[in-house]
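Numbering (the UniProt record's numbering), first residue to last: 1 to 205. Each residue gets a CB set at the ideal place from its N, CA and C atoms; glycine is no exception. All of these numbers come straight from a predicted model, not from anything done at the bench. Some notes on the structure that comes next.
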Amino acid sequence: MEPSVPSTFGRRSVLKSVGAFSLVSALGAGTAAGAKPERKGNNFGNGNGVGAFLNEPALYKPSPVWADGVVDMTGQNTVDVVNGAMTDVELPGFPSMLPVAFAPVAVEVSPGTEVIWTWAEYPEGFPPIPHNVVSLKENENGPLFENPEGVVYQPGLTYSVTFDEPGTYLYYCTPHGAPFEVTDFRGDTVYNEFGMRGAVIVTDE
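Next up, the structure:
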């Protein structure tokens with residue numbers, strides 16, 4: 001099934017004064033501040049702390065960061081998640097909404113469901129703000145799942161994971177929601193810029 005990507009937002013005139021270069025620079029691909037990123041002293045309930053993870057205060061996102069609840073999508077073979085959905089932000093000099101969210105943020109699915117993330121095409125006037133998908137939980141090889149392309153802006157790109165085992169799977173976008181410090185375009189160290197995080201909750205059926 002081909003995931004659909006909503007594009008219901010029109011051009012925002014404020015972009016004319018911001019400038020595409022400054023916007024994509026400010027929101028571009030962040031890099032880890034250290035060789036081995038350290039999380040900010042919070043294990044988020046060892047992978048089960050959905051609220052703690054999704055609602056951790058974000059630098060440029062009004063609280064509560066996550067207020068939509070968990071979307072019940074049990075019984076479906078595939079579930080679509082938009083990567084780069086529009087969301088409210090509080091960043092002086094920038095639009096009040098930016099494409100820095102997953103949508104839906106949290107989904108409940110049945111075992112064996114394939115979750116498909118699709119990189120969104122932004123409304124006219126927005127520069128290419130890149131994203132990725134990275135599992136919070138890791139094993140000896142690194143994150144349990146991570147899109148192989150890395151941090152990219154590629155509208156229509158899809159990345160899928162089939163979740164067979166019951167449990168809670170938390171994930172994030174590195175430059176816009178990482179649970180560790182990253183370096184922004186100015187060389188400043190920042191933490192959780194926009195709260196761009198998500199959760200897949202696999203029921204025990």
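Check your understanding: Just the Cα atoms here: how many angstroms apart are G195 and G112?
Key -> Separation of G195 and G112 (C-alpha to C-alpha, rounded to the nearest whole angstrom) is 28 Å.
Practice item. Using the DSSP secondary-structure output, state which residues sit across from M86 in a beta bridge. Key: Residue pairing by DSSP places M86 opposite P99 in a beta bridge.
Practice item. List the DSSP bridge partners of F163. Key: The beta-bridge partner set that DSSP reports for F163 consists of T113.
Practice item. Can you give me the start and stop residues for the alpha helix (DSSP H) that A52 sits inside? Key: Note, A52: alpha helix (DSSP H), V50 to L54.
Check your understanding: Where L23 and P130 are concerned, what is the direct C-alpha to C-alpha distance, given to the nearest angstrom?
Key -> With a pLDDT of 49 at L23, under the threshold of 50, the modelled position of that residue is not reliable, and the figure given next carries that caveat. C-alpha separation (whole angstroms): 12 Å.
Review point. Over what stretch of residues does the alpha helix (DSSP H) that includes G198 continue unbroken?
Key: No alpha helix (DSSP H) holds G198; the beta strand (DSSP E) holding it covers R197 to V202.
Check your understanding: Given V134, which residues of its chain have a CB within under 7 Å of its CB, disregarding the five upstream and five downstream residues?
Key -> Here the set comprises P143, E146, Y171, Y172 and T174.
Exercise for review: For R186, count neighbouring C-beta atoms within 10 Å of its own C-beta (all shown protein chains included) and say buried if the count is 16 or more, exposed if not.
Suggested key: Exposed.
Review point. Helix, strand or coil: how does DSSP classify G177 here?
Key: Three-state result, G177: helix.
Review point. Alpha carbon to alpha carbon, how far is R39 from N192?
Key: Note that R39 has pLDDT 47, beneath the 50 cutoff, so the model's placement of it is unreliable and the number below is only indicative. If I take the Cα positions, the gap works out to 11 Å.
Review point. Taking C-beta to C-beta, are V152 and N139 nearer than 9 Å?
Key: No; because the gap between Cβ atoms is not below 9 Å, this pair is not in contact.
Review point. Buried or exposed: residue 243, going by 16 or more other Cβ atoms within 10 Å of its Cβ?
Key: There is no way to answer for residue 243, as the model of the chain reaches only from 1 to 205.
Check your understanding: When the Cα atoms are used, what is the spatial distance from P155 to M97?
Key -> Going by the C-alpha atoms only, they are around 19 Å apart.
Review point. Taking Cβ positions, are T78 and E114 nearer each other than 9 Å?
Key: Yes.
**Study point:** Residue environment, A101, which counts as buried when at least 16 other CB atoms sit within 10 Å
**Key:** Residue burial is scored here from C-beta neighbours: A101 has at least 16 other C-beta atoms within 10 angstroms and is therefore classed as buried.
**Study point:** Cβ shell of G45 (< 7 Å), same chain only, five flanking positions each side left out
**Key:** Caution is warranted here: a pLDDT of 45 is assigned to G45, below 50, making its placement in the model unreliable, and the coordinate value is therefore given only provisionally. Excluding the 5 residues flanking it on each side, G45 has same chain C-beta neighbours closer than 7 Å at A52, in chain order.
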